[in-house]
Amino acid sequence: MKKLFLIIGAPGSGKTTDAERIATANNHIAHYSTGDLLRAEIASGSEQGKIIEGFTSAGNLVPLEIVVKTIVKAINNSPKDIILIDGYPRSVEQMLELHKVLQQDSKVQLVNVIEVQVSEEVAKDRVLGRARGADDNAEVFKNRMNVYLTPLKEIQEFYTKAGILHVINGERSIEEIVTEMQTFIQSKLAI
Numbered sequence: 002m003k004k005l006f007l008i009i010g011a012p013g014s015g016k017t018t019d020a021e022r023i024a025t026a027n028n029h030i031a032h033y034s035t036g037d038l039l040r041a042e043i044a045s046g047s048e049q050g051k052i053i054e055g056f057t058s059a060g061n062l063v064p065l066e067i068v069v070k071t072i073v074k075a076i077n078n079s080p081k082d083i084i085l086i087d088g089y090p091r092s093v094e095q096m097l098e099l100h101k102v103l104q105q106d107s108k109v110q111l112v113n114v115i116e117v118q119v120s121e122e123v124a125k126d127r128v129l130g131r132a133r134g135a136d137d138n139a140e141v142f143k144n145r146m147n148v149y150l151t152p153l154k155e156i157q158e159f160y161t162k163a164g165i166l167h168v169i170n171g172e173r174s175i176e177e178i179v180t181e182m183q184t185f186i187q188s189k190l191a192i
């Protein structure tokens, strides 16, 4: 059975970097970033990639069915049994759709949802400081932050009720965050 960990956090929370480091240090763990999966589809030049780009270039959410299909494909095609996916879910609809899909799939277990918490100020400083692409500007950041914050309370409540939400302070050094996250993940695999 594949063990799935979802890592959520504001834009600039460090969730992708944290997950990448854990996967690199543990060859039995795969990491997929929702953003990277969607960007790879855009880069492929496919029709679906063009549709995705229309949404991401404005900082908006990609349609539910496209995102869920992309995530499930990555999980099913992963050569490893422990999978970290960051940047998902970003809406209540995404959360409920993945929940429904996983309930029907006995080969995948959602073990935990890890939230990397940072203040909006820290997130903005990090995003605008890295400026990786055209979507890293103040206006798009504000929209991305609103898109993240709007469903957050409901997502937190859903996963808290399920007993699988774990919160990590993302305003420390990368080493401290990665160490805590990796220790937590390993503790859940030992059960």
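Take any residue in the sequence shown, count from 1 to its spot, add 1: that is its number in the working numbering.
Positions of the beta carbon are idealized from the N, C-alpha and C atoms, including for glycine.
| field | Rounded C-alpha distance that separates E122 from E48 | value | 36 Å
| field | Completely contained beta strand (DSSP E) runs for the segment 57-120, where each covers 3 or more residues | value | 83-87, 109-118
| query | By a C-beta neighbour count over all protein chains shown, 10 Å radius and 16 as the cutoff for buried, is L1 buried or exposed? | reply | For residue 1 there is no data in the structure shown, the boundaries of the chain being 2 and 192.
| L38 to K70, Cα distance in whole Å? | 11 Å
| query | Tell me which same chain residues have a C-beta within less than 7 Å of the C-beta of I53, skipping the five on either side of it? | reply | L39, E42, I43, V63, I67
| Would you say the segment 84-98 touches the segment 21-38, given that touching needs at least three Cβ pairs under 8 Å? | yes
| Shortest alpha-carbon distance to R91 belongs to which of G10, L5, R173, Q187? | G10
| field | Nearest to I76 (by Cα), restricted to the options G50, G164, R127, K108 | value | K108
| said: Please state the DSSP three-state secondary structure of S174. | reply: coil
| field | Rounded separation between V128 and V102 - CA only | value | 32 Å
| query | Nearest CA to the CA of A59: which residue from G171, A163, V148? | reply | V148
| Just reading off the alpha helix (DSSP H) that A44 is part of, what are its end residues? | 35-44
| field | Selection from K74, G13, E155, L5 that minimises the alpha carbon distance to N138 | value | G13
| request: Go to I8, then tell me how far its beta strand (DSSP E) extends in each direction, as first and last residue. | output: 3-10
| G15 and V114 closer than 8 Å at C-beta | no
| field | Endpoints, alpha helix (DSSP H) assigned at T151 | value | Neither: T151 is in no alpha helix (DSSP H) and is coded neither H nor E.
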